[in-house]
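Working notes, beginning with the structure itself.
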Amino acid sequence: MMNLAVWHNIAGGRGKDPKEWNDRPSTPLAENPIRHDFWDPHVIVSSTRPVPVEATVAIHPLGTKPLQHPHGKKILAMELGAWYGSRGYYRHTSDGAGGLVPERAPPARRRKYVAIDGRVFGGLSLCQKDFYHQGQVMRLTIAWLATVARLTDRIIILPRVVLDYHLYFPWTHLDLKTLDEAGVEWRETNFPSNPRSWLNATHPFESVARTALYPNGEMYAQVGDDGRVHKWNMPFESPDTIDAYLAAHTEGSGPPGLSDAELLLVNPWFIKLGYSGSIINRANRKSGLRGAEALLFALLYTFRWCGKTLVLERPAHTAMIHHDCYGQGAIAEELRDYKGRV
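Counting in our numbering, the sequence shown runs from 1052 upward without gaps.
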């Protein structure tokens, strides 16, 4: 590999060609020879573990085997806010001068999103009571988000995973290719923090609603500018309670504004280790599952994962492109011996 400075001199006519090039055909001098300069590594960050700072103007995620992990380069750039996306992925795009302008080709249909709610630090917590180190609960919760997305025509905003001392990206464990194949559209965990996705300079979304379902059958919805909380209470008898809860999110069934909210925050507090085991056992029975639970289990069975749970040595701040699970996952550990129908 030739040194860039040496090649610059050759291309500009100020250096001699290497001896092994003596038989090459003559070529005219370059009209626009290569220019080189030295940049502060904090201005243009090019690393296997890029850490941008306020002065950073460009980011290039590197990898030891970049051709084997093209999706890893993409998803890491997304999380760092350095990926400008395909047309219409964000609301805004660059104006070429460091600012943002509205996307010239807005999406054909209004986009709506769904994200996790009710956990510490706004993530999917595995470091609090009833959820501590429960990878099985995390997998079912992500399948639940996908179920809500499918039934309400929304896009999943992937949750950050909070575990002990660090934040983690779910895509180091979740095979996002299986979400794509299941027709579940998703956005990176950094999406709500990226100015290109915001509605305007002060508001990321035009409207937000919150709902929750608890193990005792209590259901809550908070929607509207006044923040009014609606409450329903019915015995938690799956799948009727779950179907009733999801029905409230459809047009004409729930509180005004709930189905139209651009961002829906859901708190599936009922998904704990006991429920995870219950849905697998009931799926294995002759009667099987029905309603939304059938879809929930089908998505859980469809999704693929890398490892038994999150790898603790891969926190978000040291993530690398080869940590991406895309196209490399296997069936969830709790379903490896499952022989029933889906």
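Backbone N, C-alpha and C fix where the C-beta goes; we use that ideal spot for every residue, glycine too. All values reported here derive from a predicted model rather than from experimental measurement.
In three-state terms, what does DSSP make of residue i?
{"i": "S1244", "result": "helix"}
{"i": "T1203", "result": "helix"}
{"i": "H1224", "result": "coil"}
{"i": "H1111", "result": "strand"}
{"i": "N1083", "result": "coil"}
{"i": "M1285", "result": "coil"}
{"i": "M1052", "result": "In this prediction, M1052 scores a pLDDT of 46, lower than 50, which makes its location untrustworthy; the coordinate-derived value is nonetheless stated afterwards. Here M1052 sits in coil by DSSP."}
{"i": "N1251", "result": "coil"}
{"i": "T1014", "result": "The question about residue 1014 has no answer here: the residues shown for the chain are numbered 1052 through 1393."}
{"i": "P1266", "result": "coil"}
{"i": "H1368", "result": "helix"}
{"i": "Y1377", "result": "coil"}
{"i": "T1292", "result": "helix"}
{"i": "Y1271", "result": "strand"}
{"i": "H1122", "result": "helix"}
{"i": "S1258", "result": "coil"}
{"i": "R1238", "result": "strand"}
{"i": "Y1352", "result": "helix"}
{"i": "N1335", "result": "coil"}
{"i": "T1144", "result": "strand"}
{"i": "Y1389", "result": "coil"}
For residue i, tell me which candidate among the options has the shortest Cα-Cα distance.
{"i": "W1283", "options": "D1277, Y1296, D1276", "result": "Y1296"}
{"i": "K1116", "options": "K1390, M1371, R1205, W1090", "result": "M1371"}
{"i": "D1215", "options": "R1205, W1222, L1177, E1232", "result": "L1177"}
{"i": "G1149", "options": "H1120, A1106, G1114, H1111", "result": "A1106"}
{"i": "V1393", "options": "L1196, R1341, T1369", "result": "R1341"}
{"i": "T1198", "options": "I1085, P1306, T1353", "result": "T1353"}
{"i": "Q1187", "options": "V1280, L1151, A1383", "result": "A1383"}
{"i": "L1386", "options": "R1201, K1337, I1330, Q1379", "result": "I1330"}
{"i": "E1232", "options": "T1369, T1078, L1350, D1091", "result": "L1350"}
{"i": "R1026", "options": "M1189, V1235, P1221", "result": "The question about residue 1026 has no answer here: the residues shown for the chain are numbered 1052 through 1393."}
{"i": "V1397", "options": "M1189, L1196, A1343", "result": "Look at the range of the chain in this structure, 1052 to 1393, and you will see that residue 1397 is not part of it."}
{"i": "Y1389", "options": "G1328, K1359, E1154, V1280", "result": "G1328"}
{"i": "G1358", "options": "A1381, A1345, L1080, L1264", "result": "A1381"}
{"i": "K1337", "options": "L1346, G1391, T1301", "result": "G1391"}
{"i": "T1301", "options": "R1279, V1280, D1291, R1205", "result": "R1205"}
{"i": "T1099", "options": "E1082, L1151, K1124, S1077", "result": "K1124"}
I'd like to know whether the C-beta atoms of residue i and residue j end up nearer to each other than 9 Å.
{"i": "F1348", "j": "A1194", "result": "yes"}
{"i": "I1207", "j": "L1230", "result": "yes"}
{"i": "R1247", "j": "T1144", "result": "yes"}
{"i": "E1130", "j": "T1203", "result": "no"}
{"i": "V1362", "j": "H1373", "result": "no"}
{"i": "L1175", "j": "A1367", "result": "no"}
{"i": "R1356", "j": "L1225", "result": "In the sequence as displayed, the identity of residue 1356 is Trp instead of Arg. The answer is yes: Cβ separation under 9 Å."}
{"i": "L1227", "j": "H1122", "result": "yes"}
{"i": "R1333", "j": "G1339", "result": "yes"}
{"i": "N1318", "j": "R1170", "result": "yes"}
{"i": "R1211", "j": "F1172", "result": "yes"}
{"i": "S1097", "j": "L1118", "result": "no"}
{"i": "V1104", "j": "H1111", "result": "no"}
{"i": "Y1377", "j": "N1245", "result": "no"}
{"i": "T1262", "j": "R1365", "result": "no"}
{"i": "G1020", "j": "A1299", "result": "Residue 1020 falls outside the range modelled here, since the chain spans only 1052 to 1393, and no answer is possible."}
{"i": "I1126", "j": "A1109", "result": "no"}
{"i": "P1323", "j": "P1266", "result": "For the sequence presented, residue 1323 should be read as Lys rather than Pro. Taking 9 Å as the Cβ cut-off, K1323 and P1266 qualify as a contacting pair."}
{"i": "A1260", "j": "D1294", "result": "no"}
{"i": "G1132", "j": "E1154", "result": "no"}
Is the Cβ of residue i closer than 9 Å to any Cβ of chain B?
{"i": "V1213", "result": "The question asks about chain B, but that chain is absent: this structure has only one protein chain."}
- Task: Taking only runs that begin and end inside the stretch 1152-1214, name each unbroken alpha helix (DSSP H) of 4 or more residues, in chain order.
- Result: Counting only runs of 4+ residues, the alpha helix (DSSP H) found wholly inside the stretch 1152-1214 occupies 1186-1203, in chain order.
- Message: Closer than 8 Å is the cut-off here; do at least three beta carbon pairs connect the stretch 1178-1187 with the stretch 1269-1282?
- Response: In short, these stretches do not touch, since the Cβ pair count stays below three.
- Item | Stretch-stretch touch, CB-based, cutoff 8 Å, three pairs: the stretch 1306-1319 with the stretch 1256-1266 | Judged by Cβ distances under 8 Å, the stretch 1306-1319 makes contact with the stretch 1256-1266, as three or more pairs qualify.
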